[in-house]
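Take a look at the structure set out below.
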Amino acid sequence: MYDYVYYSQTNDFPLPQNINFTNDKSTKAIISNSKEIDCEIYAPEIDFYFKNSKDPLLEKINALEKLYNIRGLKFDSAKYNEYKKEIGNRVLIIGSKDQAEQINAENFEVYYALPEWIEDIKGTIGNLEFKINKNGENINLTVDQAIWFNAPEIAYKQRGIIDPIDIGIEKTHEILNKRAGIYNYRNYITYDINLCQYNGRVLKETCGNCVDVCPTNAILKIDEEKKLLFSHIDCDGCGGCVSVCPSGALDFSAVPRETFYEVAKLFKGHIPLIIPENLIEGLDIELKEHVLPLAIEGAKFLDETHFLTLFQESASQIIFYTDRLSKGEKEAIKLINEISFRKYNKKAVFVAENEKELNHLIKNADFIPQARYTTNMHNLKKRENFSIRLSNLIGDDNLGIIDLSDNKYIHYGKIEIEEDKCTLCMGCVSVCNAGALTAHPEDNSLKFDAGVCTDCGYCEIACPEKCINVIYDRLELNPEYFGQKTMAKDEPFHCIICGKPFAPKKSIEKIASILLPMFTDETKRKSIYCCEECKAKLVFNDYLERKLNAK
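Heads up: the sequence shown at position 185 corresponds to 189 in my numbering, and the numbers run straight through without jumps.
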């Protein structure tokens with residue numbers, strides 16, 4: 005098996021050394037431009053580019069290598085887990101008698117129902133539970149799959165329901181038979197529980213964006229436990245949840261963020277044309293010089309960090325051809341375009357929804373050389389990456405304030421702290437999983453970086469002194485907005501036994517005001533003012549002394 009294979013009946017141009025030419029359909033490859041051979045990854049953008057690009061031949065050959073390398077990067081870094089589930093042969097057909105007769109399900113145990121009989125649906129493929137009311141008779145029916153003519157929106161929340169009106173009878177038969185037996189599926193998203201802004205937040209719900217946008221039942225909130233429940237078998241792989249996740253707790257398995265950042269670097273000198281894979285075949289449109297396609301799986305996962313990264317690495321306006329812009333992508337594009345227009349007086353991202361719009365945008369999109377910026381973004385959180393890039397774009401300019409109050413998913417803001425009330429207990433730091441609030445024992449300070457703040461407001465709720473005020477939905481485009489700022493600071497308190505500084509003075513005074521009225525034992529009262537080591541020794545020595553006195 006070869007890594008990269010270019011299949012064609014004729015070889016009219018030289019290929020890079022790492023790409024193997026073949027006209028033999030029995031050839032096996034990991035990545036190929038053609039479905040005619042046995043390959044793990046079919047890359048339709050390769051022939052699309054080569055057929056339609058106006059680049060000179062040498063540039064085409066170099067671009068061809070980039071397209072294979074992009075696919076290689078995505079293949080090597082995809083974070084998939086493969087799963088299997090046994091699917092039986094029970095099928096429910098929902099529709100009229102005439103519609104039901106169109107379905108050939110001779111190898112299945114078939115049940116029939118009229119649409120108006122269906123009261124409720126639960127479960128997923130292999131275990132779909134229908135609550136049916138047939139002329140007053142209540143029936144609970146469990147099947148493996150269902151065929152529903154003119155299926156309502158609720159039907160698409162369960163994996164395992166097929167609508168022949170949507171995909172045709174022939175495709176319905178194909179899917180029905182393919183799913184029976186062993187059903188293979190994978191995870192399309194990965195989840196970092198430590199970054200999630202819903203998980204464990206019992207004081208107030210500060211997020212739930214992923215559940216809000218999920219078109220299926222793939223993500224559910226367990227409100228009693230404040231946990232998210234993921235059903236990979238129900239996920240349709242759209243990636244919409246990733247685009248609205250404020251902290252980056254969710255990532256797209258097919259193209260993890262760090263992989264996308266590396267892919268973006270390959271677009272230096274090119275005008276990026278983002279196209280969902282399913283829209284490439286059959287698209288016949290001229291690509292002017294320097295336009296290079298970026299095929300994506302799951303057309304809804306892009307967020308503001310993705311767009312800003314590609315914009316700066318390519319130093320070019322981006323063209324996004326799509327038939328289904330996600331809610332998160334809409335807000336992200338609006339934000340990036342507002343920033344770009346204030347800085348360069350030009351949009352950064354254009355969206356085309358049909359071929360006429362696409363043709364117009366390809367002709368007019370251009371480079372913005374001054375936007376060029378590249379950096380190492382490994383091991384940084386989503387917000388940290390965005391903050392670094394945005395700070396570079398702004399430079400020394402003051403581009404004003406962007407009001408984000410109309411947004412539902414993308415929020416930026418900052419906080420104010422009444423320093424005289426703050427005891428530096430660092431409770432706010434413990435609940436800030438975005439890393440905006442940080443404790444600095446080296447100088448007994450509390451610092452805040454607005455650039456990485458998700459504006460969730462949980463620190464304000466968790467603060468025992470109620471001295472934090474969150475300023476919501478204001479993204480300030482000036483140099484002072486970014487980077488850590490000291491919000492509160494105190495002199496150190498020194499251990500009364502060893503003299504070592506071990507905590508801010510205010511925090512010890514606060515603890516003492518609470519515990520002293522409760523403690524009558526002199527050793528316990530004294531321990532309040534001791535470091536951990538001396539406290540342990542003090543308590544242990546007191547214990548030994550009591551034991552000796554007891555004898």
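Virtual Cβ for every residue (Gly too), placed ideally from N, Cα, C.
Per DSSP, which one or two residues make a beta bridge with residue i?
i, result
"Asn144", "Lys135"
"Tyr10", "Phe25"
"Arg190", "Glu86"
"Trp152", "Ile98"
"Ser581", "This structure gives no information on residue 581, because the portion of the chain shown stretches from 5 to 555."
"Ser30", "In the DSSP output, where bridge partners are listed per residue, Ser30 has none listed."
"His444", "Ser449"
"Val217", "Its beta-bridge partners do not exist; DSSP assigns none."
"Tyr195", "Leu254"
"Asp407", "Arg478"
"Thr128", "Asn131"
Indicate whether residue i and residue j have their beta-carbon atoms separated by less than 7 Å.
i, j, result
"Cys538", "Ile501", "yes"
"Pro508", "Leu428", "yes"
"Ser247", "Asp307", "yes"
"Phe497", "Gly455", "no"
"Cys245", "Leu254", "yes"
"Ile179", "Ile158", "no"
"Phe25", "Tyr10", "yes"
"Gln316", "Arg205", "no"
"Pro297", "Ser81", "no"
"Cys499", "Cys535", "yes"
"Glu480", "Ile419", "no"
"Ile136", "Ile129", "no"
"Asn93", "Glu113", "yes"
"Glu40", "Lys29", "yes"
In three-state DSSP terms, what is residue i?
i, result
"Tyr377", "coil"
"Thr458", "coil"
"Leu298", "strand"
"Phe345", "helix"
"Val433", "helix"
"Pro119", "helix"
"Phe305", "coil"
"Tyr160", "helix"
"Thr490", "strand"
"Pro20", "coil"
"Arg205", "coil"
"Glu44", "strand"
"Lys541", "helix"
"Phe52", "helix"
"Pro276", "strand"
"Tyr325", "strand"
"Asn1", "Because the chain spans 5 through 555 in this model, residue 1 falls outside it and cannot be assessed."
"His498", "strand"
"Glu105", "coil"
"Ile284", "coil"
"Phe311", "helix"
To the nearest whole angstrom, what separates the beta carbons of residue i and residue j, a pair I think is in contact under 8 Å?
i, j, result
"Glu556", "Ile289", "Only positions 5 to 555 of the chain appear in the structure, and residue 556 is not among them; the question remains open."
"Gln162", "Asp238", "7 Å"
"Lys126", "Glu133", "4 Å"
"Ile465", "Leu199", "Ile465 to Leu199, Cβ: 19 Å. No contact."
"Leu232", "Ser57", "Incorrect: roughly 43 Å between the Cβ atoms, too far for contact."
"Ile343", "Val353", "Not quite, the Cβ-Cβ distance comes to about 11 Å (not below 8 Å), so this is no contact."
"Ala47", "Ala299", "7 Å"
"Thr458", "Ser251", "6 Å"
Is residue i near the ligand NAP, in the sense that its beta carbon is under 6 Å from a heavy atom of that ligand?
i, result
"Asp477", "What this structure holds is no ligand at all, so the ligand NAP is not there to describe."
Below 8 Å, how does it come out for the region 15-33 and the region 59-71: are there three or more Cβ pairs, yes or no? Counting C-beta pairs closer than 8 Å gives three or more between the region 15-33 and the region 59-71, which meets the contact rule.
For the region 306-324 against the region 334-342, are there 3 or more C-beta pairs whose distance is under 8 Å? Yes, they touch.
Below 8 Å, how does it come out for the region 258-267 and the region 378-393: are there three or more Cβ pairs, yes or no? Touching, per the Cβ criterion.
Counting Cβ pairs, one atom from each stretch, are 3 or more of them under 8 Å apart for the region 407-414 and the region 425-444? No: the two stretches stay apart, fewer than three of their Cβ pairs being nearer than 8 Å.
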